[in-house]
């Protein structure tokens, strides 16, 4: 570990399952405070090293501190980690107390709905002048905390900063790779939820493993096409934050977005599905943003378009599926 | 369909499950003869439109002809499709009767064991002067024949030939994309079997969906590293013949290579596993060739190396798994 990062104090803002998991990892590597909006969550972490509301009886690192005071959490931080949902991101970030120049790392996947901004762009609007980046990959919180092997990418505009942060986030079974492609990693994280809905629809229609591989492969091609048109690097989409996260989201029965697709394929309406879920699946909201981005960048996205039509325009999954096969394939780099 | 390919007569050599499936597809598009070594298979196809030895009661296209006479099968062919296992490929190909200049398309995944040659290189040695290429992708024969959606890549050195052949192989639910990256498609098809063993080992050790996504993502990174060092195109490995086929092989319970990994993780020896299987899993043989290629091209392949050590040197899957996590990750493009 580099001497300059050994003493870095980390503040993680947001005590959901993934924020808490990451905080428990960094607490093992360096001094870490977790901010929880609800005082009882902070107290439980301090007292019992548990966050039972989000992580059941998974034991957290006993060195992890927690507080519901934003000032206490962030005023001494050398690294700020943002782990709040995209819709609350801007407001939480507006809290003062953050020291100048410190790196800010987003764990949040998704785009701000009204502005279509990535989370690092929101950070740059609210707290300009900080090096801002993102940590992302195929990361189911529970599995990482349980100690199953997993991996992620830390992307910062400055490779030196990314490398220094690697040591704060990693452990033996949580491999963290460094990158400078912040935009690519963020766009991949936002788009994958839309494609998880399409994978769920395919599964719900009772297709085979070939078809699953086909839908995921062509989804990756669409994601790469839009992401590179926006300035992301091709290898990011072929890596852990792109293909890796897409894959985990498409194969895991725990994925909310995949489940939305499966339920749609069973004939339920999007309103019924949303009413049944405690949390909204990000892919539903993102499908609209993706279509706007695709148009703005002149990129064809047939799979995302069909997801959009099913979610927003009442098209049936069967119609969507048939629609995808009406076109003639050309090359893999083209849209069809 | 282009006028020049409308009348093309296809000969498919090899009546295993995939050769028969492809022949049944092309028979729908154009005149097709399947060569079967065993006369009774040819007779059953002619009489009942079935190949019960390989495809149970799946109905084949009634227009498909079959014969056990090589001369009858290939002497009139305008396109030769080779669907015999890699170990018998050269001998079968040596049969005369092939008209000059006609395109030869390999369906065979794997490398020739003694020479380390790709199948199109073998074709070029035995029958020089033909345009030679490959059709590959995530294709489980039974699923394609049943009519589940699937897709493949046809790669030929000449893009015009690839585009003309697209029309011979495609149907609505079997999407065929054109490519000129013959080497990339062939190398991907050979390597994926080695990585399917590693995915099977991870599954057998009882890891989570994150870990599956991690193993598959990093396997793809290794495959891409070797493949591009050998001259393949990066986008091929991110596409259907690379990531798509790797994915299908790693998630399908039908994959022999994946099953080898799972059995190894359960503590069985490679000798016991081979003795139990009717057919040898390609990945076992290929693991040695891959290590030689990696050395020749100066490419680090930590996952393939661990598979090799487990298959050939008696290392346990647990040791292999731990070995992979001892290194420090750097960037996704590097080996670790």
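Residue numbers (the numbering used here), protein chains in the order written: chain D, 1 to 336; chain S, 1 to 336. Using N, Cα and C, we set each Cβ at its ideal position, and we do this for glycine too. As the structure is a computational prediction, the values presented were derived from the model and not from experiment.
Cα atoms of residue 79(S) and residue 106(S): separation of roughly 11 Å, rounded to the nearest angstrom. Taking 8 Å as the threshold, the shortest C-beta distance from residue 257(S) to chain D does not fall below it. When beta bridges are read from the DSSP output, residue 80(D) appears opposite 11(D) and 104(D). Scanning chain D for C-beta atoms nearer than 8 Å to the C-beta of residue 175(S) yields 214, 325 and 329, reported in chain order.
Using a Cβ-Cβ distance cut-off of 8 Å, the stretch 209 to 222 of chain D and the stretch 258 to 269 of chain D are not in contact, since fewer than three pairs of beta carbons, one from each stretch, lie closer than that value. Around the Cβ of residue 125(S), a 10 Å sphere holds fewer than 16 other Cβ atoms; the residue is exposed. When secondary structure is reduced to three states using DSSP, residue 32(S) falls in the strand class.
Residue 153(S) reaches chain D at 332, counting residues in chain order whose Cβ is nearer than 8 Å.
In the three-state DSSP reduction, residue 16(D) falls in the coil class, being neither helix nor strand. The Cβ atoms of residue 63(S) and residue 33(S) lie no closer than 8 Å to each other. For residue 64(D), there is no enclosing beta strand (DSSP E), as DSSP marks it with neither H nor E. For chain S, the residues of the stretch 130 to 163 of chain D that bring a beta carbon within less than 7 Å of one of its beta carbons are 138, 139, 140, 143, 144, 148, 149, 150, 151 and 153, in chain order. For a cut-off of 8 Å, the C-beta gap from residue 42(S) to residue 20(S) is around 11 Å, too long to register as a contact. Shortest Cα-Cα distance from residue 35(S) to any of 145(S), 235(S) and 73(S) involves 73(S). Exclusion of the five residues before and after residue 24(S) leaves 60, 61, 64 and 145 as the residues of its chain whose Cβ lies within less than 7 Å of its Cβ.
At least one beta carbon of chain D lies nearer than 8 Å to the beta carbon of residue 243(S). When DSSP states are grouped into helix, strand and coil, residue 307(S) belongs to the helix group. Residue-level contact by beta carbon fails for residue 51(S) and chain D, as no gap is shorter than 8 Å.
A residue is called buried when at least 16 other Cβ atoms come within 10 angstroms of its Cβ; residue 88(S) does not meet this threshold and is exposed. Shown here for residue 50(D): same chain residues with a beta carbon closer than 6 Å to its own, the five before and five after excluded, namely 44 in chain order. Those residues of the stretch 59 to 80 of chain S placed with their C-beta closer than 7 Å to a C-beta in chain D do not exist. Excluding the 5 residues flanking it on each side, residue 77(S) has same chain C-beta neighbours closer than 6 Å at 9 and 11, in chain order. Taking residue 222(D) as the centre and dropping the five residues before and after it, the same chain places the C-beta of 301, 303 and 304 closer than 7 Å to its C-beta, in chain order. In this chain, the alpha helix (DSSP H) harbouring residue 204(D) covers 182 to 204. Here the stretch 247 to 261 of chain D makes contact with the stretch 192 to 208 of chain D; the two share three or more CB pairs at distances below 8 Å.
Contact check between the stretch 218 to 234 of chain S and the stretch 156 to 172 of chain S: fewer than three CB pairs, one atom from each, fall below 8 Å, which does not count as touching. Taking residue 241(D) as the centre and dropping the five residues before and after it, the same chain places the C-beta of 136, 137, 153, 185, 188 and 189 closer than 7 Å to its C-beta, in chain order. If you look at residue 256(D), you'll find it in the alpha helix (DSSP H) that goes 256 to 265.
When secondary structure is reduced to three states using DSSP, residue 171(S) falls in the strand class. Collapsing the DSSP output to three states places residue 52(S) in a helix.
Put simply, of 181(S), 127(S), 139(S) and 31(S) the residue whose alpha carbon is nearest the alpha carbon of residue 332(D) is 181(S). Under the three-state reduction of DSSP output, residue 111(S) falls in the strand class. The beta carbon of residue 29(S) sits no closer than 8 Å to any beta carbon of chain D.
When Cβ-Cβ separations below 8 Å define contact, residue 220(S) makes contact with chain D.
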